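Data first, discussion second: the structure below is written as structure tokens.
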Amino acid sequence: MQNAADRVLPFLSGLDFLLDGRLVAVDNYNIKCIIMNDRLQRLGKPYEFKIPPLSVVCVSHDALRVTFGVFAAVLFLSVSKDNVIKLTRQIKTPSMFDSICCMFPSHMVVSTWGDPPHARMLSVDGVESDFNNLTFLKKTYKGTESKCTYVESKTR
2 MQNAADRVLP FLSGLDFLLD GRLVAVDNYN IKCIIMNDRL QRLGKPYEFK
52 IPPLSVVCVS HDALRVTFGV FAAVLFLSVS KDNVIKLTRQ IKTPSMFDSI
102 CCMFPSHMVV STWGDPPHAR MLSVDGVESD FNNLTFLKKT YKGTESKCTY
152 VESKTR
């Protein structure tokens, strides 16, 4: 899957699907975001970051969020039907995040680094909040030792 433009073999540290089936991946080693079809062929021009990305989530048919770990930032990207990726917004965060997933259109669940609450909610405005009804181990994880995801309950 290495492309001629890649400096090194890709390390896809984050993957998610757009609603239309296109695969979105962030390449931590080559510092870019790529779109692929169902045959894993690259579509369009990759979006190049300035720092290595860790995780990506698709939050709508054309919107992405990308985390950057120790750089304490989340980038908001848009993807067009013709696979053009553009930066729409960047938020600086008080905590360092690794994995990211969509909880609601306005909130994401993120895993933290170096912080005892291993998962937090993050609003699109950059406001972090803890889960009130969850108890986490009192362990502090380093680097990429802890990941999280959110699966909506079907029993309401």
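Counted the way the numbering used here counts, the sequence shown spans residues 2 to 157.
Idealized CB from N, CA, C, for every residue including glycine.
As the structure is a prediction and not an experimental result, all values here were calculated from the model.
Residue i versus residue j: straight-line alpha-carbon distance, rounded
i, j, result
"R40", "V152", "27 Å"
"L13", "S56", "9 Å"
"V80", "H119", "30 Å"
"V58", "V27", "10 Å"
"T148", "H108", "One point to set straight first is that residue 148 is Lys, not Thr, in the sequence displayed. Those two C-alpha atoms are separated by around 17 Å."
"M37", "T89", "21 Å"
"L19", "S61", "7 Å"
"Q42", "A6", "14 Å"
"W159", "E146", "Lying before the first or after the last residue shown, residue 159 is absent from the chain, which here runs from 2 to 157."
"R8", "L138", "40 Å"
"S130", "S100", "16 Å"
Limits of the beta strand (DSSP E) - the one that residue i falls within
i, result
"L44", "43-49"
"C102", "97-105"
"G15", "13-18"
"L123", "120-124"
"V110", "108-114"
Pick from the options that is closest to residue i, judged by C-alpha positions
i, options, result
"N84", "S130, Q91, F105, I35", "I35"
"N134", "M122, T145, G127", "M122"
"P106", "F98, T113, L138, F77", "F77"
"K51", "Q42, K82, M97, Y30", "Y30"
"C103", "P95, F69, S112", "S112"
"F132", "Q91, P117, L10", "P117"
Residue i (DSSP reduced to helix, strand or coil)
i, result
"D39", "coil"
"L24", "strand"
"D1", "There is simply no residue 1 to check, as the chain begins at 2 and stops at 157 in what is shown."
"G70", "strand"
"I92", "strand"
"C59", "strand"
"V152", "coil"
"F137", "coil"
"A6", "coil"
"K82", "coil"
"K143", "coil"
Whole-angstrom C-beta distance between residue j and residue i, which should lie under 8 Å
i, j, result
"A73", "K93", "6 Å"
"P54", "V67", "5 Å"
Closer than 9 Å to chain D by CB, residue i
i, result
"V152", "Absent from the structure is chain D; it holds one protein chain and no more."
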